[in-house]
Amino acid sequence: MSQSAVKLMQSVMVAFALLSFASLANRPEFQLELKNHLFYPAEIEIPANTKVKLVIYNLDTTPEEFDSFDLNREKVIFPQKKSVIFIGPLPPGRYKFFGEFNPNSAQGSVIVVPKKAATNNTNLEDLALIYTVPLAANSFLLKEVLHAN
Amino acid sequence: MSYLLFKIFTHFGLLWLILSGLSALTSQVALADGVVVDKVYHPYVLPNEQEFEWRMLSHQNDAGNSLGQRIAYGKSITDNVMVEFYIVGERDSDGDFGLSAYEIESRWMMTDQGEYWADWGLLLEVEKVHRLNIWEVSTGLLFEKEFGRNSLALNAFLIYETGGDINSEFETEFRLQYRYRWLPQVQPAIEIYIGEDYTGIGPTFMGIQRFDGQKQLKWELGFITGLNGDDKDHILRASIEYEF
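Chain order of the listed sequences is A and B. At position 101 of the first sequence (counting the first as 1) the number is 101 in our numbering, and the numbers step up by one without a gap. At position 199 of the second sequence (counting the first as 1) the number is 348 in our numbering, and the numbers step up by one without a gap.
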């Protein structure tokens, strides 16, 4: 029994290695900033059933550890550096994350939405500006406000 | 582009070599002898991490009960490599518990978590039996794939035993864990272990409790039943890891 089980396990691992080759396509990229131990934006929308690349820039002078049981991810982000976290594919829902070194302030959520509704945060920001510029005297100020919130 | 190609060739060329080596050797090597139940490894390493670990394994079969314990200290030496030192103790046939082996282990996270279809790592272990000229060198390929809230981990080991007090031989060993990430503190799993004269399966529970910063406590408790025809063949395994 053991010999045949070993053969089966070997075949499974070879198949998995080959499958790993097949998933090197470019992924949508989303960006987050960590500043004063807060994530900006604190909520980010990503498309459902898609693997995405989350780039986090740590603007603080201390390290942080991105942690999320919901996303099954843990990653150290060194001060003044960026770190890449691959997440998904995920079904629609809200997935919380936090910074292990500052869990009370560094908190956020990844909101997974059906594909057509999802935008990356740059688009989100631009869309917000397009719709609100006629109402605003200074779009740069608005952008700062959007960043701060 | 060339960097990406380099990364691909580095990761998967190495994987392919290992898998080919394992396949080619299978017909010439034995499966690992004795009890192969220990721990299913995950291919992940965090930088700036240190840990203390304790593992216990109690084996009850027709011949009686045996007990093994090990304590370890580990530290990540780069962003993706962790080194761990073990001291292994066993209860001998006279019922005395004492030092039985020393071990150094290195775990390399080959791919970023979630970067590819599955995550891969490599394990290298060198063990020396206390007071005997017996050495064991193990290379393990670590695999993990998540399916929603479930995770499948596979370990494939190629082991070389050598020394003046043992006949040199190659062995292979496989471990599997299918885990449901229910709550951080409680994650039920099924584990399978395959070696020479031993195939075992059973439930395992594990969890993690976080404290301040990088401090966290991980626990595992498993009950593995041997499927080898013995009337009684049960293993209770437990481990506690304190990471800081």
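No residue lacks a Cβ here, since even glycine has one placed at the ideal position from N, Cα and C. Treat the numbers as computed from the prediction; the structure is a model and nothing was measured.
Check the DSSP bridge columns for residue i and list the partner residues they point to.
i, result
"residue 58 of chain A", "A:34"
"residue 350 of chain B", "B:341 and B:374"
"residue 84 of chain A", "A:55"
"residue 383 of chain B", "B:209 and B:374"
"residue 295 of chain B", "B:300"
"residue 240 of chain B", "B:246"
"residue 39 of chain A", "A:34"
"residue 73 of chain A", "A:68"
"residue 268 of chain B", "B:293"
"residue 198 of chain B", "Paired residues: none, contrary to the question."
"residue 217 of chain B", "B:206 and B:239"
"residue 224 of chain B", "B:199 and B:232"
Report yes if the C-beta distance between residue i and residue j is below 8 angstroms; otherwise report no.
i, j, result
"residue 99 of chain A", "residue 66 of chain A", "yes"
"residue 115 of chain A", "residue 47 of chain A", "yes"
"residue 38 of chain A", "residue 105 of chain A", "yes"
"residue 238 of chain B", "residue 284 of chain B", "no"
"residue 93 of chain A", "residue 51 of chain A", "no"
"residue 112 of chain A", "residue 90 of chain A", "yes"
"residue 299 of chain B", "residue 323 of chain B", "no"
"residue 229 of chain B", "residue 258 of chain B", "yes"
Between the options, which has its C-alpha nearest residue i's C-alpha?
i, options, result
"residue 364 of chain B", "A:75, A:101 and A:43", "A:101"
"residue 329 of chain B", "B:338, B:323 and B:226", "B:338"
"residue 281 of chain B", "B:248, B:253 and B:294", "B:248"
"residue 209 of chain B", "B:229, B:237, B:318 and B:386", "B:386"
"residue 327 of chain B", "B:288, B:202, B:293 and B:262", "B:293"
"residue 250 of chain B", "B:240, B:273 and B:279", "B:279"
"residue 192 of chain B", "B:384, B:343, B:264 and B:298", "B:264"
"residue 266 of chain B", "A:11, A:15, A:55 and A:40", "A:15"
"residue 219 of chain B", "B:392, B:286 and B:246", "B:246"
"residue 185 of chain B", "B:344, B:379, B:376 and B:224", "B:344"
"residue 73 of chain A", "A:85, A:63, A:64 and A:62", "A:85"
"residue 295 of chain B", "B:269, B:393, B:287 and B:273", "B:269"
"residue 302 of chain B", "A:13, A:61 and A:26", "A:13"
Compare the C-beta of residue i with all C-beta atoms of chain E and state if any pair is closer than 8 angstroms.
i, result
"residue 343 of chain B", "Looking for chain E here will not work: the only protein chains present are A and B."
Report the residues of the region 308-329 of chain B with a CB closer than 7 angstroms to any CB of chain A, ordered along the chain. 321 and 323
Just by C-beta distance, which residues in the region 91-113 of chain A are closer than 8 angstroms to chain B? 91, 100 and 101
If you measure beta-carbon to beta-carbon, which residues of the region 263-295 of chain B are closer than 8 angstroms to chain A? Taking 8 angstroms as the Cβ-Cβ cut-off against chain A, the residues of the region 263-295 of chain B that qualify are 263, 264, 265, 266, 267, 269, 290, 292, 294 and 295.
Between the region 191-213 of chain B and chain A, which residues of the former have a C-beta closer than 8 angstroms to a C-beta of the latter? So the list reads 193, 195, 196 and 197, given in the order they occur along the chain.
Using a Cβ cut-off of 7 angstroms, which residues of the region 373-387 of chain B contact any Cβ in chain A, in chain order? none
Name, going along the chain, the residues of the region 332-358 of chain B whose beta-carbon falls closer than 9 angstroms to a beta-carbon of chain A. Residues are counted here when their Cβ sits less than 9 angstroms from a Cβ of chain A; for the region 332-358 of chain B these are 332, 333, 341, 343, 344, 345, 346, 347, 348 and 357, given in chain order.
Anything in the region 32-49 of chain A with a Cβ closer than 7 angstroms to a Cβ of chain B? List those residues in chain order, please. If the cut-off is 7 angstroms between Cβ atoms, the region 32-49 of chain A has nothing near chain B.
Got a sec: which bits of the region 62-81 of chain A sit with their beta carbon under 7 angstroms from any beta carbon on chain B, in order along the chain? 65, 69, 72, 73, 74 and 76
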